[in-house]
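K.L.:
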Amino acid sequence: MKKASSPNSLEPFRFLLRIHNESSAVQVLKQPASMDNLEHRSDAELLRLALAGEESAFLLLYERLKGGVFRYAFYMTNSKPAAEEVIQEVFIALLESGKRYRETQGNVAAFVFGMARNFVRRVERRESAYQPLPADETVEKLSRRLASEPEILPEQMIRGELVESVRAAIASLPEHYRQVVVLCDLCELSYAEAASRLECAVGTVRSRLNRGHALLSQKLKTAGTPQTEFPITGTEGCLI
367 MKKASSPNSL
377 EPFRFLLRIH
387 NESSAVQVLK
397 QPASMDNLEH
407 RSDAELLRLA
417 LAGEESAFLL
427 LYERLKGGVF
437 RYAFYMTNSK
447 PAAEEVIQEV
457 FIALLESGKR
467 YRETQGNVAA
477 FVFGMARNFV
487 RRVERRESAY
497 QPLPADETVE
507 KLSRRLASEP
517 EILPEQMIRG
527 ELVESVRAAI
537 ASLPEHYRQV
547 VVLCDLCELS
557 YAEAASRLEC
567 AVGTVRSRLN
577 RGHALLSQKL
587 KTAGTPQTEF
597 PITGTEGCLI
């Protein structure tokens with residue numbers, strides 16, 4: 367899968383950690399631990415170490431989680447600059463409010479994703495104008511699924527008109543349906559992973575995804591795009 371690009375520089379987070387240390391928001395920065403020594407630590411352990419001033423732990427946690435956060439923000443906002451803004455705000459917020467995290471409430475990824483949802487909503491309120499979803503292999507794969515017989519459709523129809531119609535249709539879905547389509551179809555999370563991120567039941571994810579697929583099919587039918595019913599998802603994994 368071709369993944370959306372994510373911010374290259376970690377310097378804002380290194381700098382922020384130092385500022386936190388200097389202001390006594392966390393303990394004095396410790397001698398950075400070897401990444402090899404941290405690789406097998408859980409996300410929760412890395413977060414605790416990061417909040418205690420261990421820069422290497424924070425950077426490793428960032429590396430683990432940034433891809434999922436960035437792709438979600440990227441597909442929800444349809445904007446790379448907005449996604450970059452979201453990912454920076456999320457990890458700054460993690461440093462500032464990470465002490466609120468409790469393992470009994472879910473995993474760190476879900477905690478971080480909750481922050482991402484809030485920042486995405488802020489961006490969407492600020493930039494409500496529709497922007498087409500960027501070109502991506504996952505959008506093309508979803509477009510092919512929507513086509514009843516893609517092998518007999520002209521390639522330019524699949525990669526051109528159909529893909530653009532799918533992008534527009536996804537962007538116009540109500541948020542609770544768009545979220546599960548983005549998470550399961552485009553970010554390729556399982557039902558269980560999506561349910562954890564959205565803090566809802568697996569059955570809710572499945573029903574919303576099926577409803578989202580039905581709405582996509584209806585929107586594409588209304589737009590005159592050649593396709594039939596969107597395939598109903600099964601109980602194992604997600605569509606793509």
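The numbering used here puts the first residue of the sequence shown at 367, with every later residue one more than the last.
Cβ coordinates follow ideal geometry from the N, Cα and C atoms, glycine included.
Bear in mind the structure is a predicted one, so any value in this text is a computation, not a measurement.
1. State buried or exposed for N444, treating a residue as buried only when at least 16 other CB atoms are found within 10 Å of its CB.
2. From L575 to E541, what distance separates their C-alpha atoms?
3. When the Cα of F436 is compared with those of L426, L425 and V452, which residue comes out closest?
4. If we require 4 or more residues per run, which alpha helix (DSSP H) segments fall completely within the segment 539–586?
5. Please identify the residue among A439, F457, I458 and V456 whose C-alpha is closest to the C-alpha of A449.
6. By how many angstroms is the C-alpha of E490 removed from the C-alpha of T588?
7. Near L431, what residues of its chain come up, given a Cβ to Cβ distance below 7 Å and the 5 sequence neighbours on each side ignored?
8. Kindly indicate which three-state DSSP category G472 falls into: helix, strand or coil?
9. Tell me where the alpha helix (DSSP H) around G419 begins and ends.
10. Would you kindly check if the distance between the Cβ of R563 and the Cβ of L549 is under 8 Å?
11. What is the DSSP secondary structure of S463, reduced to helix, strand or coil?
12. Tell me which same chain residues have a C-beta within less than 7 Å of the C-beta of A482, skipping the five on either side of it?
13. If you compare alpha carbons, which of Y557, A535 and A567 is closest to A580?
P.N.:
Let me spell this out:
1. Counted from its first residue, the sequence shown places residue 444 at position 78. N444 comes out buried.
2. Here residue 575 refers to the residue found at position 209 of the sequence shown. Here residue 541 refers to the residue found at position 175 of the sequence shown. Between L575 and E541, the C-alpha separation is close to 12 Å.
3. Taking the sequence shown and counting its residues from 1, the one referred to as residue 436 is at position 70. Residue V452 is the option with its Cα nearest to F436.
4. 541–546 and 557–564
5. For this step, residue 449 is matched to residue 83 along the sequence shown. For A449, the nearest C-alpha among the options comes from A439.
6. Residue mapping note: residue 588 aligns to position 222 of the sequence shown, counting from 1. Residue mapping note: residue 490 aligns to position 124 of the sequence shown, counting from 1. Using only the alpha carbons, I get a separation of about 26 Å.
7. What you label residue 431 is simply residue 65 of the sequence shown in a count that begins at 1. The residues are A475 and V478.
8. Walking along the sequence shown from the start, residue 472 turns up at place 106. If DSSP states are grouped into helix, strand and coil, G472 belongs with coil.
9. For the purposes of this step, residue 419 is taken as residue 53 along the sequence shown, with counting starting at 1. Unbroken run through G419: none, as it is neither H nor E.
10. Here residue 549 refers to the residue found at position 183 when the sequence shown is read from its first residue. Here residue 563 refers to the residue found at position 197 when the sequence shown is read from its first residue. Yes.
11. By 1-based counting over the sequence shown, the position of residue 463 is 97. Reduced to three states, the DSSP call for S463 is helix.
12. Within the sequence shown, numbered from 1, the residue matching residue 482 stands at position 116. Counting only Cβ-Cβ distances below 7 Å, and skipping sequence neighbours, we find V435, Y438, A439, V452 and V456.
13. The residue given as residue 580 occupies position 214 in the sequence shown. The shortest C-alpha separation from A580 is found at A535.
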